[in-house]
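Colleague: Here it is, the structure, as structure tokens.
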Amino acid sequence: MKILDFLLQKKIILQEDINSIKEELSSGEISFDEILIKHGVMPADLLSAKGEFYGVPLKDLSTVDIPFEILKYIPEESASHYKFIPIGLVDGFLEVGMVRPDDLEARDALNFISSKVDLPFKIFIISEQDFKNSFGFYKGLSGQVTKALSELDSDEGAADAELEAQLAKDNSKKGIPVSGDQITEDAPVTKIVATILRYAVEGNASDVHIEPMRERVRVRFRVDGVLSTSLVLPVKVHNAVVARIKILAKLKLDEKRKPQDGRFSARIEGRKIDFRVSTFPSYYGEKVVMRILDQERGVKSISEIGLSPRYLEMLKKAIERPYGMILISGPTGSGKTTTLYSLLNELDKEGNNILSLEDPVEYSVEGVSQSQVHAEIGYTFATGLRTTLRQDPDIIMVGEIRDGETAKLAIQAALTGHLVLSTIHTNSAVGIVPRLIDMGIDPYLIPPTLILGIAQRLTRLICSGTGISTPVEGSIKAMIDKQFEDLPEAFRDQIPTEKEVLKLQPTSTCPNGTRGREAVFEMFEMDKDVEKVILENPVESEIYKVVRSKGMITMKEDAIIKALRRQIPFEEVNKL
């Protein structure tokens, strides 16, 4: 029985499609799987039927990380030609995923490879799409790292030797005599680190996580706020990789018991990229996180960060004020610093003296005197603010108000004729007021200084041309109606009338279904009504009632509006 007859018997394909399928197969233009999927066969049904027909177990590779030491058992050229790929080594058997288990040539090639590596093999049937996705492990990041790992494998103990060379080089800087070979730029571990950094930058990652585990080292990239595994390294190279990063960041190589922070710069694709490095002692070894800061991407203008027309107008009006305070709230990673830099970029740097206190300085803004605080030497936001006021500033940016002393100095600066921009950790815009009071600020000082309270979060943008249209009805409509039910009628024209939203649709060119991020906002202005409630009863619920009556749109509602405009997937709304 032929495979087509079996599929017909299983009612996976229809009799009227047989001739058309045979014609397309004879043309040889597209593969067997693609032809059947084109005729409406579900990929999962096709794979299951093929497994039953050939008597070969199935393997779903969609969530499988293929270890890099496994790839070396089958050459890339053979995998590409015969459409098989090594997927694991279990109980002494090399597990191999095959798209066409009936291909006798492929079987012969596999027998030959098996005899060379002296390992018996076990075949699994895999889908053509899984093969294409997994074959990518031979390319790019994984391929180059695999090559570097094979260089290490060719010399037993090479990773330890390279680590010793790095330690020797570090010791030489301290005047300690060097023994052994000096590390070179061509050393395998150096190549591994350089490759990881390059692909992280090319992939628009914001952070790189290198995490030791019991039997492997996981390398994850954070892209659009989501962490995903990009690489798995053998445990034996962990110490050398960490040491290489510490060398770059000028950290102590022999200090493994407590966290360290550092930074370094590198030129990647002709651009200067800054990396902020943090080490953390974990059970299986030091974890390293690197924040990627691309200086040459430039700072966004305030019209590009996701503000609605109403909020954009409020913000422009606020930064034109000669003195007062604008505070941005939100958790770590919510884009507050990006918004601060956008505000700095908008200000008149020629006619104003603008100073900033930052920890760390993430981007260089021309025309602004930026200063990095160093708490370990007593140079904090508070001490920096005192010094800043002696520098005749017009505008002061303070990276974060973390304590009562900094809050009092910021309030004092705002009262004495300076425009102060800063961030504060609260969950909402109206939460800024009680947070300041908790820090010891007298309520009567807040209305004359606070111009604008802002809260924000980051949401992922939907990939252009993707997304599954979903009607706004049932539970979706009920949720939206409930969310806006207390918004005064006068402000309801801000809500779009679209009847559909988009849900995530991952594609081969956009695996997560999203690309890039944009902020959602809520903000309120200080006026006499807000001042009255702050002086009489400054709790979040009472402040919210007043600012809501004036039309404040919350962050969740801003996300709903963006979802209705098909800018962000509807799933992002439920995260707020």
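Residue 386 in the numbering used here sits at position 393 of the sequence shown, with consecutive numbering throughout.
Quick reminder that beta carbons are idealized off the backbone N, C-alpha and C, glycines included.
As the structure is a prediction and not an experimental result, all values here were calculated from the model.
Can R226 and V216 be called in contact, C-beta distance under 8 Å?
Modeller: Checking the sequence shown, residue 226 turns out to be Leu, not Arg. No, the pair does not count as a contact, with Cβ atoms beyond the cut-off.
Colleague: May I ask you to report which of helix, strand or coil DSSP gives T373?
Modeller: Per DSSP, reduced to three states, the secondary structure at T373 is coil, with no helix or strand assignment.
Colleague: Per DSSP, V89 is paired with what?
Modeller: P79, I116
Colleague: Helix, strand or coil for H74, going by three-state DSSP, please let me know.
Modeller: helix
Colleague: Have a look at S322, S275, V361 and flag the residue whose alpha-carbon is nearest the alpha-carbon of R250.
Modeller: With distances taken between Cα atoms, R250 lies closest to S275.
Colleague: Assign E565 to one of three DSSP states: helix, strand, or coil.
Modeller: It is helical.
Colleague: Excluding the five sequence neighbours on either side, which residues of its own chain have a C-beta within less than 8 Å of the C-beta of T463, listed in chain order?
Modeller: Excluding positions up to five away in sequence, the list reads I469, E493, V494, L495, K496, F563.
Colleague: Taking the CB atoms as reference points, tell me whether L320 and I447 lie closer together than 8 Å.
Modeller: yes
Colleague: For D474, count the other beta carbons within 10 Å of its own beta carbon; 16 or more makes it buried, fewer makes it exposed. Which is it?
Modeller: exposed
Colleague: Can you tell me whether K239 is buried or exposed? The criterion is at least 16 other CB atoms within 10 Å of its CB, across all chains shown.
Modeller: A residue is called buried when at least 16 other Cβ atoms come within 10 angstroms of its Cβ; K239 meets this threshold and is buried.
Colleague: Hey, F477 and E550 are a contact pair by Cβ (cut 8 Å); roughly how many whole angstroms apart?
Modeller: With a beta-carbon spacing of about 7 Å, F477 and E550 fall inside the 8 Å limit used to define contacts.
Colleague: Quick check for students: name the residue ranges of the beta strand (DSSP E) that lie wholly in the segment 359 to 432, counting only runs of 3 or more.
Modeller: With a minimum length of 3 residues, the continuous beta strand (DSSP E) runs that stay inside the segment 359 to 432 are 362 to 365, 388 to 391, 412 to 417.
Colleague: Buried or exposed, going by whether 16 or more other CB atoms sit within 10 Å of the CB of A368?
Modeller: exposed
Colleague: In whole angstroms, what is the alpha-carbon distance linking V270 and S327?
Modeller: 20 Å
Colleague: For F44, I'd like the list of residues in its chain whose CB is within less than 7 Å of its CB, leaving aside the five on either flank, ordered along the chain.
Modeller: According to the sequence displayed, residue 44 carries Gly and not Phe. Cβ within range, chain order: P50, L51, I118.
Colleague: Distance, Cα to Cα, A242 vs G371?
Modeller: One C-alpha to the other measures close to 22 Å.
Colleague: Name the residue from G467, V413, R541 whose alpha carbon lies nearest to the alpha carbon of S421.
Modeller: R541
Colleague: Using DSSP with H/G/I as helix, E/B as strand and the rest coil, what is S223?
Modeller: Reduced to three states, the DSSP call for S223 is strand.
Colleague: Can you tell me whether DSSP reads D10 as helix, strand or coil?
Modeller: helix
Colleague: Please identify the residue among Y316, S415, R284 whose C-alpha is closest to the C-alpha of G255.
Modeller: R284
Colleague: Kindly say whether K245, judged by its beta-carbon, lies nearer than 8 Å to any beta-carbon of chain D.
Modeller: Although the question refers to chain D, the structure presented lacks it and comprises just one protein chain.
Colleague: Identify the residues that DSSP records as bridge partners of V282: which are they?
Modeller: H202, S271
Colleague: For L(-3), I'd like the list of residues in its chain whose CB is within less than 8 Å of its CB, leaving aside the five on either flank, ordered along the chain.
Modeller: Here L(-3) has I6, I11, I14, K15 as same chain residues with Cβ atoms under 8 Å from its own Cβ, once five neighbours each way along the sequence are excluded.
Colleague: So is Q449 buried or exposed if we call it buried at 16+ other beta carbons inside 10 Å?
Modeller: buried
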